[in-house]
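The sequence shown: position 9 = 13 (the working numbering), numbered continuously. For every residue, glycine included, the Cβ atom is placed at its ideal position computed from N, Cα and C. First comes the structure, then the notes that go with it.
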Amino acid sequence: MTDLPPNDSPSNVAEFSVSELSGALKRTVEDAFGHVRVRGEISGYRGPHSSGHAYFALKDDRARLEAVIWRGVFSKLKFLPQEGLEVIATGKLTTYPGSSKYQIVIESIEPAGAGALMALLEERKKKLAAEGLFEDARKQLLPFMPRVIGVVTSPTGAVIRDIIHRINDRFPVHVLVWPVRVQGETSGDEVSAAVNGFNALPIDGPLPRPDVLIVARGGGSLEDLWGFNDEAVVRAVAASMIPVISAVGHETDWTLIDLVADRRAPTPTGAAEMAVPVKADLEASLVRLSARLKGAVSRDGERKRQALRALARALPSPDQLLALPRRRFDESASRLGRALSAATQRKRLTFSGLRLSPATLQRRLKEARRRTTASGERLPGVFLAMVRGQRTRFNRDAGRVSPGALNQRIAHFRERLRLMEQRSDTLVRTRLERAAQRREQAVRLMESLSYRAVLERGFALVRGADNEPLKRAKDVQPGLELQIQFADGVTRAIAAGESRKGSAPRKPPQDAPAKPQDQGTLL
């Protein structure tokens, strides 16, 4: 108590200011309880504050301790606080002079025992199942014969040796190992990073992209396998474009990655057997199928040869098919000689009847020259007559295309254009008026159907924190942040607890202990 002020009072009792007494108490509590571990149930947790800090309380059946987690520590927590969860908090005690309260400043937090872990696991399972991450419809089929297999596991354990040995025995392929820690606080982050890293590999890159992934680990307790229940691991496996086989623990061990993976193997060796077929079995199947194919081809050829022989027996012989054409050919050949002789005789008689003397040719030539000369003499007169007819038609058309006639036609077209412009203006005005009327009707209809008219009559619209309307009282949970919209603006409120019909809500007594929340079970 060296920081206490001197006693100027006439009595022997020391006199302190409120700040001095609060500061002395703060130093005393911090010196005596610099590092403590407290077990209790989380109460009053509503998530982190807008500043990033989290304020709540730890309680048991007889006492209550205020707690705070600063923003920098909260972002690094492995397990986030949850209302009603029993935890073990590590930190230091201090006081808050502004309200004369003492509190624990938490540096780390963990569930209190396996029961709490099971409750946390069950709650996380329900949350992810509600998002549809465990549905069979979204799971992919495994490739029958992968070329590259990616394995996410510890590089030093027996698991990777068992997987590689089993793959080499069944069907040797290229195996890529992404080393990770399979136990501890960082195991979940490393496994999710490995799955995302394999999916980020380009298809035609220098490092081959796996066709299937195996996430493997040996058996262990719930705490040992807890990294594979991490939400980041589940979401990474769900988003993987490469099929994933889960081989975590023994056959009786179940984690959340087993539910989201495309296939679950009871052991790492079983995962290797799911990933690749047996090469010897494939070769035997190929030999068996090849023999069956040869036998089928042979039987099919024999069947077709038998069908061909049967069809050949049903067809007539070539002599029967060619008998009638041969006879017609022989008859035509015999008639051809006689017809050629008769035709030659007729041509000879016709040629003999022609008189092709030189005098006859000269006479026909003179007649042709005479007709040509007569036609040439008539040609100038015909040309002049054609020119006169064309000139007459041109003069007649020129008379009809005078300037006066053109002006009349122009005036006629201008009058028609003016009338069309008037009709166009009238039509445009009419359409604009009709459109304006329809717009006004739509505006009146929209105003009549808008909920703002209802707000003007004294009603209010209640929305949640996500700005979605709340239509039922059951949708409003105690402590929910509300947005209430009136006709003249929006105000914010916090929902109180449920109240009975016809009576005001009663505030629970502060000294009454809250009933511990049932944490559930995984089985």
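- Message: Let me check understanding here. Comparing Cα to Cα, which of Arg373, Phe148, Phe83, Leu315 lies closest to Ile73?
- Response: Relative to the Cα of Ile73, the nearest Cα in the group Arg373, Phe148, Phe83, Leu315 belongs to Phe83.
- Thr271 by DSSP, collapsed to three states: which one? Coil, per DSSP.
- Item | Unbroken alpha helix (DSSP H) run spanning Ser196, endpoints | Element bounds for Ser196: 191-204.
- Item | Selected residue, minimal CA-CA separation from Glu77, among Ala269, Ala123, Leu344, Thr94 | Here the sequence assigns Val to residue 77, which means Glu is not the residue at that position. The shortest C-alpha separation from Val77 is found at Thr94.
- Message: Just to confirm, is the Cβ distance from Val216 to Val241 under 8 Å?
- Response: Between Val216 and Val241, the gap from beta carbon to beta carbon reaches 8 Å or more.
- Query: Going straight from the alpha carbon of Val17 to that of Lys80, what length do you get?
  - Reply: A straight line joining the alpha-carbon of Val17 with that of Lys80 spans about 48 Å.
- Report back the beta-carbon spacing between Val184 and Glu194 to the nearest angstrom; my notes put them in contact at under 8 Å. Confirmed, Cβ separation roughly 4 Å.
- Straight-line gap, Lys143 to Pro270 (C-alpha atoms, nearest Å): Those two C-alpha atoms are separated by around 18 Å.
- Item | Same chain only: Cβ atoms within 8 Å of Arg41, ignoring 5 sequence neighbours per side | Taken in chain order, the residues that qualify are Ile92, Ala93, Thr94.
- Taking Cβ to Cβ, would you say Arg221 is nearer than 8 Å to Gly253? Contact: yes.
- Coarse secondary structure for Ser338, derived from DSSP in three states: Reduced to three states, the DSSP call for Ser338 is helix.
- Apply the 10 Å Cβ neighbour rule to Ser244 and answer buried if 16 or more other Cβ atoms are within range, or exposed otherwise. Buried is the call here.
- Check Gly493 in the structure and name its three-state DSSP category. In the three-state reduction of the DSSP assignment, Gly493 falls in the strand class, which pools E and B.
- Met424 to Thr430, Cα distance in whole Å? C-alpha separation (whole angstroms): 10 Å.
- Item | CB contact flag (Val152, Pro214, <8 Å) | Closer than 8 Å, so yes.
- Message: What does DSSP give as the partner residue(s) for Phe60 in the beta ladder?
- Response: Answer is Ala71, bridged to Phe60.
- Give the range of the beta strand (DSSP E) segment to which Ser112 is assigned. If you look at Ser112, you'll find it in the beta strand (DSSP E) that goes 105-115.
- Message: Using CA atoms only, rank isn't needed, just tell me which of Val291, Ile108, Gln487 is closest to Val33.
- Response: Checking every option, the nearest Cα to that of Val33 belongs to Ile108.
- Item | CA-to-CA distance, Leu124 to Ala134, given in whole angstroms | Taking the straight line from one Cα to the other gives about 16 Å.
- Message: Report the CB separation of Val177 from Val219 in whole angstroms; it is logged as a contact under 8 Å.
- Response: Taking 8 Å as the upper bound for CB-CB distance, Val177 and Val219 are not in contact here, some 18 Å apart.
- Message: Just to confirm my understanding: we take Ala528, look at its own chain, exclude 5 residues before and 5 after, and list those with CB closer than 6 Å. What are they?
- Response: Given that the chain is displayed from residue 5 to residue 527, the structure contains no residue 528 and the question cannot be resolved.
- Message: Measuring only the C-alpha atoms, how far is Leu229 from Ala236?
- Response: Cα-Cα distance, rounded: 14 Å.
- Message: With a threshold of 8 Å between beta-carbons, can Ala346 be considered close to chain C, or not?
- Response: Absence of chain C from the displayed structure is noted, only one protein chain being present.
- Task: Quickly, what does DSSP pair Arg467 with across the bridge? List them, please.
- Result: DSSP output for Arg467 lists Pro473, Gln487 as bridge partner(s).
- Message: Here's the rule: buried if 16 or more other CB atoms are within 10 angstroms of the residue's CB, otherwise exposed. What is Asn233?
- Response: With 16 or more Cβ atoms within 10 Å of its Cβ, Asn233 is classed as buried.
- Message: Would Ala500 and Pro482 qualify as a contact pair, given that the criterion is a beta-carbon distance under 8 Å?
- Response: Yes; because the gap between Cβ atoms is below 8 Å, this pair is in contact.
- Task: Check whether the Cβ atoms of Pro150 and Val238 sit closer than 8 Å, and answer yes or no.
- Result: Their beta carbons are not under 8 Å apart, which means Pro150 does not touch Val238 by this criterion.
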